[in-house]
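In what follows, a structure is listed as structure tokens, so that the remarks can point back to it.
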Amino acid sequence: SAVISQKPSRDICQRGTSLTIQCQVDSQVTMMFWYRQQPGQSLTLIATANQGSEATYESGFVIDKFPISRPNLTFSTLTVSNLSPEDSSIYLCSVGGSKGKETQYFGPGTRLLVL
Amino acid sequence: AQSVTQLGSHVSVSEGALVLLRCNYSSSVPPYLFWYVQYPNQGLQLLLKYTSAATLVKGINGFEAEFKKSETSFHLTKPSAHMSDAAEYFCAVSVWTGFQKLVFGTGTRLLVSP
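Sequence order for the protein chains is D and C.
Per my numbering, the very first residue in the first sequence carries number 1; after that it's consecutive.
Per my numbering, the very first residue in the second sequence carries number 1; after that it's consecutive.
Here it is, written out as structure tokens:
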């Protein structure tokens with residue numbers, strides 16, 4: 001399985017600002033995913049990020065609020081824009097999920113608190 | 001649409017007792033099924049997976065799960081609970097949509113008492 005790191009591990013942000021989360025993988029991967037885990041809840045897929053193409057967003061998530069970059073096969077960023085307290089969550093990236101590599105492996109998550 | 005139902009948001013057991021965490025799925029096509037564990041302040045760790053091979057799947061830390069198509073279930077069991085098993089457990093189903101999209105259950109928190 002891939003080794004996945006995320007930065008920052010946690011942050012406290014003010015309302016109206018933005019936070020960019022980095023996800024780094026120790027090997028080249030085709031697909032990367034971003035999830036949100038709201039307090040006490042399960043994981044919800046935000047978007048799928050493939051290198052060289054625009055991210056694909058799930059229903060209820062928009063690019064203006066959650067812009068994603070995928071500049072190469074080992075790295076991706078998720079920005080959470082115009083923060084509000086409702087954005088306080090854990091944000092996780094994962095890799096895998098492609099043909100022949102059905103299992104997704106997760107990073108440690110970024111814990112965001114918006115005041 | 002695919003979905004997963006985890007019965008019981010909290011399950012409490014004594015150390016040494018049997019652990020049973022329930023998961024039922026809904027899928028219009030043969031599913032892949034996963035159990036993940038999340039320890040406090042950590043990400044998700046894969047416990048085990050079913051990908052249409054053996055119906056009884058063994059995972060890490062002594063956990064296993066049995067795929068029962070007739071019951072649309074994939075319950076997670078461990079014969080003897082340890083204090084270190086206390087965590088949140090998530091069942092997930094994935095279906096090919098150009099990639100393996102994961103749909104998670106709501107999670108079950110396992111509490112282990114001495």
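Backbone N, C-alpha and C define an ideal beta-carbon position, used for all residues, glycine too.
As the structure is a computational prediction, the values presented were derived from the model and not from experiment.
_Whole angstroms are fine: how far does the CA of C:Val37 sit from the CA of C:Leu46?_
6 Å
*Could you tell me whether the Cβ of C:Ser3 comes closer than 8 Å to any Cβ of chain D?*
no
*CB contact below 8 Å: C:Val107 versus chain D*: For clarity, residue 107 of chain C is Gly in the given sequence; the question names Val instead. Yes, because at least one Cβ of chain D sits closer than 8 Å to the Cβ of C:Gly107.
*Taking Cβ-Cβ distances shorter than 8 Å, what residues in chain D pair up with C:Thr51?*
Glu102
*Starting from the C-beta of C:Phe104, find all residues in its chain whose C-beta is less than 7 Å away, skip the five residues before and the five after it, and write them out in chain order.*
Val4, Phe90, Ala92
*Could you tell me whether any Cβ in chain C is nearer than 8 Å to the Cβ of D:Phe106?*
It does; some Cβ of chain C falls within 8 Å.
_Opening and closing residue of the beta strand (DSSP E) in which D:Asn72 lies_ = 68-72 is the extent of the beta strand (DSSP E) around D:Asn72.
*Give a yes or no on contact between the stretch 66-74 of chain D and the stretch 44-58 of chain D, applying the rule of three or more CB pairs nearer than 8 Å.*
yes
*chain D contact residues for C:Tyr32, given Cβ-Cβ distances below 7 Å*: Glu102
_Interface partners of D:Ser42 on chain C, CB under 7 Å_ = Phe90, Phe104, Gly105, Thr106, Gly107
*Could you tell me if C:Lys68 is buried or exposed, where buried requires 16 or more neighbouring beta carbons within 10 angstroms of its beta carbon?*
exposed
*Looking only at DSSP bridge pairs, what is D:Arg10 linked to?*
D:Arg111
*To which residues of the same chain is C:Leu111 closer than 8 Å at the C-beta, ignoring the five residues directly before and after it?*
His10, Val11, Ser12, Val13, Ala86
*Going along chain C, which residues have a C-beta under 9 Å from D:Met31?*
For D:Met31, the chain C residues whose C-beta falls within less than 9 Å of its own C-beta are Phe99, Gln100, listed in chain order.
*Look at D:Ser5 and D:Gly107 and say whether their C-beta atoms are less than 8 Å apart.*
yes
*Kindly list, in the order they appear in chain C, the residues whose Cβ is closer than 9 Å to that of D:Gly97.*
For D:Gly97, the chain C residues whose C-beta falls within less than 9 Å of its own C-beta are Ser94, Phe99, Gln100, Lys101, Leu102, listed in chain order.
_Check whether D:Ser76 and D:Leu112 have beta carbons under 8 Å apart_ = no
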